[in-house]
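Undergrad: Chain order of the listed sequences is P and G.
Letter 96 of the first sequence, counting from 1, is numbered 96 in the working numbering, and no numbers are missing.
Letter 16 of the second sequence, counting from 1, is numbered 16 in the working numbering, and no numbers are missing.
For every residue, glycine included, the Cβ atom is placed at its ideal position computed from N, Cα and C.
First the structure, then my questions, so here it is.
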Amino acid sequence: GAGVSQSPSNKVTEKGKDVELRCDPISGHTALYWYRQRLGQGLEFLIYFQGNSAPDKSGLPSDRFSAERTGESVSTLTIQRTQQEDSAVYLCASSSYLTSERGYTFGSGTRLTVV
Amino acid sequence: DAKTTQPTSMDCAEGRAANLPCNHSTISGNEYVYWYRQIHSQGPQYIIHGLKNNETNEMASLIITEDRKSSTLILPHATLRDTAVYYCIVLTSGTYKYIFGTGTRLKVLA
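This is how it looks when you write it as structure tokens:
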């Protein structure tokens, strides 16, 4: 597609429920990233996928968070047993290996509200 | 990755140049300076990056001091649509983990 697409754009969930957030990267982009942005703060790195290499999960805040990516396509970020502190905008970005030094393309994010 | 320091907020008159400073005094020789901006309710947008030399593209210019300890992003003719949070990030070549600070909130005034 023309850009990075994320769905849903907004999600309200009850504390304790599981949620799945989806990211469709730009076609042909081998690298995919997830970031979290709490209100009024900068972005926090969560996880990075590059092709068939093992993902860098060093930013995942707890074992309630997990992410998957099949090949070089869609990625899903799953948060289990959501807590109120999980409320944030979750941003996905992708880049081509050849142009990664020229910056990433971010999606518009999924705004998650845990009530 | 080196830490960056930016002013919390700045105002700029529409049509004038916006000069956004960034200090990165601990930058290493193989670390690039990247600039992104985030307009309200959108994901960050790449603007420009550089290593040593000044850079210019269709969006902005990046001026890096000779000692590389600071840089300035210049929007030559700011418009109301340039109102956003601007992030200065230092990134080691070949790595991918951006460390975002809180950036500079630029408000362009009519």
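Which residues in chain P sit within 8 Å of G/TYR34, going by Cβ to Cβ distance?
TA: Within 8 Å Cβ-Cβ: GLY103.
Undergrad: If you check the beta carbons only, do G/ARG16 and G/ALA84 fall under 7 Å apart?
TA: Going by C-beta atoms, G/ARG16 is not nearer than 7 Å to G/ALA84.
Undergrad: DSSP on P/ASP18, reduced to helix/strand/coil?
TA: coil
Undergrad: For a test of the three-state rule: what should DSSP assign to P/ARG36, helix, strand or coil?
TA: P/ARG36: strand per DSSP, three-state reduction.
Undergrad: Thinking C-alpha only, which one of P/VAL74, P/GLN80, P/ALA2 is nearest P/PRO61?
TA: P/GLN80
Undergrad: I'd like to know whether the C-beta of G/THR92 is nearer than 7 Å to at least one C-beta of chain P.
TA: no
Undergrad: May I ask you to list, following chain order, the residues of the segment 1 to 16 of chain G that have a beta carbon less than 9 Å from some beta carbon of chain P?
TA: Result list empty, no residue passes.
Undergrad: Take G/ARG88 as the anchor and find which of P/GLN83, P/GLY103, P/VAL74, P/SER96 has the nearest alpha-carbon.
TA: Residue identity differs from the one stated: residue 88 of chain G is Cys in this sequence, not Arg. Comparing C-alpha distances from G/CYS88 to each of P/GLN83, P/GLY103, P/VAL74, P/SER96 shows the shortest one belongs to P/GLY103.
Undergrad: Using 7 Å as the threshold, is the C-beta distance between P/SER134 and P/ASP24 below it?
TA: Given a span of 1 to 115 for chain P in the structure shown, any question on residue 134 of chain P remains unanswerable.
Undergrad: Pairs of beta-carbons, one from the segment 67 to 78 of chain P and one from the segment 14 to 29 of chain G, closer than 8 Å: are there three or more?
TA: no
Undergrad: Output the distance between the C-alpha atoms of G/GLY101 and P/LEU32, rounded to the nearest integer angstrom.
TA: 21 Å
Undergrad: Let me make sure I understand the geometry here. Which of G/ILE47, G/THR65, G/VAL108 has the alpha-carbon closest to that of G/MET59?
TA: G/ILE47
Undergrad: Skipping 5 residues on each side, what residues in its chain have a beta carbon closer than 7 Å to that of P/ALA88?
TA: Within the same chain, and ignoring the five residues on either side of P/ALA88 in sequence, the residues whose Cβ sits closer than 7 Å to its Cβ are ARG36, GLN37, ARG38, LEU112.
Undergrad: Going by DSSP, which residues form a beta bridge with G/PRO21?
TA: G/THR72
Undergrad: Kindly indicate which residue of G/GLY43, G/HIS49, G/GLY50 has the alpha-carbon position closest to the one of P/ALA93.
TA: G/GLY43
Undergrad: Answer yes or no: do G/SER61 and G/CYS22 have a C-beta to C-beta separation smaller than 7 Å?
TA: Cβ distance not < 7 Å, so G/SER61 and G/CYS22 don't count as in contact.
Undergrad: Tell me, please, whether the CB atom of G/THR102 is closer than 7 Å to any CB atom in chain P?
TA: It does; some Cβ of chain P falls within 7 Å.
Undergrad: G/LYS97 touches chain P at which residues, Cβ-Cβ below 9 Å?
TA: TYR33, PHE45, TYR48, ASP56, SER58, GLY59
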